[in-house]
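One structure is given here, and the rest of the page talks about it.
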Amino acid sequence: MLTANGYFKQPLPLDPLGIWTSRNLLLFENKSVTARSMVVNAVVAAREWLFAQVVNTTKSSPTQTGNETPPTNPDVIYCNTDAAWSVSRRAGLGWCFKNAAHGVYSEGSRAIDHISSPLMAEALAMREAMQEAKRTSLLSVWFRTDSQELARAINSKSYPVELFGVLMDIELLSSSFSFVFISFIGREHNCVADSLVKSAL
1 MLTANGYFKQ
11 PLPLDPLGIW
21 TSRNLLLFEN
31 KSVTARSMVV
41 NAVVAAREWL
51 FAQVVNTTKS
61 SPTQTGNETP
71 PTNPDVIYCN
81 TDAAWSVSRR
91 AGLGWCFKNA
101 AHGVYSEGSR
111 AIDHISSPLM
121 AEALAMREAM
131 QEAKRTSLLS
141 VWFRTDSQEL
151 ARAINSKSYP
161 VELFGVLMDI
171 ELLSSSFSFV
181 FISFIGREHN
191 CVADSLVKSA
201 L
């Protein structure tokens with residue numbers, strides 16, 4: 001549901017039927033529906049949908065996320081992500097993959113425009129890294145970001161409205177791995193990804 005500070009405690013379904021109904025009322029009956037009533041109706045419908053879901057509490061997920069240290073696994077690939085954002089709404093995204101034995105063995109970066117905030121840029125960098133990991137068939141990955149706010153939002157599943165779509169993509173991509181862990185890493189340990197985003201801008 002949507003809390004007072006604008007965060008979703010749980011992902012809610014979209015309400016295209018409500019929007020379509022309001023459109024038809026305006027077009028065919030010349031009756032306008034206020035934005036407030038549309039939101040209220042959408043929240044009511046979403047709550048009904050949530051209560052109707054059957055939650056299987058016994059099912060365990062192979063995905064692990066958190067800020068604590070994950071179990072030691074020699075097969076885990078480490079992926080550091082970073083982003084840089086400018087007031088022109090241009091962002092540089094960067095990511096690098098490495099393992100304990102051989103260090104950095106794969107990296108990537110890109111620049112994109114029309115990005116709303118630094119936090120959105122960080123979220124997009126994480127999504128790009130996950131998509132790359134999926135493309136290269138990695139199975140066990142520990143993703144690390146130097147944005148505490150992003151790591152906290154992903155692990156608590158309290159998604160800011162602005163990031164809702166991107167973080168839902170990240171949640172879905174997480175199910176592609178047999179093991180996935182997402183945590184915060186200090187900027188001083190994220191030098192490679194940081195240099196990648198600066199060169200991308």
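Just so you know, full-length UniProt numbering puts 112 at position 112 of the sequence shown, and the rest follows in order with no gaps.
For every residue, glycine included, the Cβ atom is placed at its ideal position computed from N, Cα and C.
Since this is a predicted model, take the numbers as computed values, not measurements.
- Since A83 is in the beta strand (DSSP E), which residue starts that stretch and which ends it? The continuous beta strand (DSSP E) containing A83 extends over residues 77-85.
- Item | S128 to E107 span [Cα, whole Å] | Per the sequence shown, the amino acid found at residue 128 is Glu instead of Ser. So the alpha carbons of these two residues sit roughly 11 Å apart.
- Task: Tell me whether G94 is buried or exposed, calling it buried when 16 or more other Cβ atoms sit within 10 Å of its Cβ.
- Result: buried
- Give the straight-line distance between the Cα atoms of L138 and V87, rounded to the nearest whole angstrom. 35 Å
- Item | contact_flag[the stretch 134-149, the stretch 185-192] where n(CB pairs < 8 Å) is 3 or more | yes
- Task: Put S195 into one of helix, strand or coil per three-state DSSP.
- Result: helix
- Query: Just checking my contact of A121 with A83 at CB under 8 Å: how many whole Å lie between their CB atoms?
  - Reply: Right, their Cβ atoms sit about 4 Å apart.
- Item | Cut-off 8 Å between Cβ atoms - residues of its own chain near I115, not counting five sequence neighbours on either side | W85, R89, R90, A91, A121, L124
- Supposed close pair C79, A133 - CB separation, criterion 8 Å: The pair is a contact, with the Cβ atoms about 6 Å apart (cut-off 8 Å).
- Item | Helix, strand or coil at N99 according to DSSP, with G and I counted as helix | strand
- Query: Any idea what DSSP makes of V141, helix, strand or coil?
  - Reply: DSSP places V141 in strand when its eight states are reduced to three.
- Message: Does T136 pass the burial test, meaning 16 or more other C-beta atoms within 10 Å, or should it be called exposed?
- Response: Exposed: under 16 other Cβ atoms inside 10 Å.
- Near I185, what residues of its chain come up, given a Cβ to Cβ distance below 6 Å and the 5 sequence neighbours on each side ignored? R144, D146
- Bridge partner(s) assigned by DSSP for I112: A91
- Message: In whole angstroms, give me the CA-to-CA distance for P74 and A100.
- Response: Our two residues, P74 and A100, have alpha carbons roughly 8 Å apart in a direct line.
- Task: Just grab the DSSP bridge partners of S183 for me.
- Result: R144
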